[in-house]
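> Structure provided below as structure tokens; questions to follow.
Following this line, the structure appears as structure tokens:
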């Protein structure tokens, strides 16, 4: 149904906006790494290299950033959506 698809698209856009807001709250290096990787379609290794990070450190930074975003989304009560 067309209205159902529109509602799903609105919900998806809302979720992406909340995720972006959570990313914006992260420390600068984490934020840059996530934005480059997920929104600019750059590999994690490339995004890390742009920040002067080794592949290993970029991976650790990514894990820490994702953990922080999950906590932020849980606080906003949207982790189950």
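In this note's numbering, the protein residues as written are -17 to 63. Virtual Cβ for every residue (Gly too), placed ideally from N, Cα, C.
Any idea if residue -3 is buried or exposed, counting beta-carbon neighbours within 10 angstroms, 16 or more meaning buried?
By the 10 Å Cβ count, residue -3 comes out exposed.
> With a 10 Å radius around its C-beta and 16 neighbouring C-beta atoms as the bar for buried, classify residue 30 as buried or exposed.
That one is buried.
> Take the Cβ of residue 5 as the centre, count every other Cβ of all protein chains shown within 10 Å, and call the residue buried at 16 or more, exposed below.
Residue 5 is buried by the Cβ-count criterion.
> Who are the Cβ neighbours of residue 27 in its own chain at under 8 Å, not counting the five residues just before and after it?
Hits under 8 Å: 37, 40.
> By Cβ distance, which residues of its chain are closer than 8 Å to residue 1, with the 5 residues on each side in sequence left out?
Correct list, in chain order: 51, 55.
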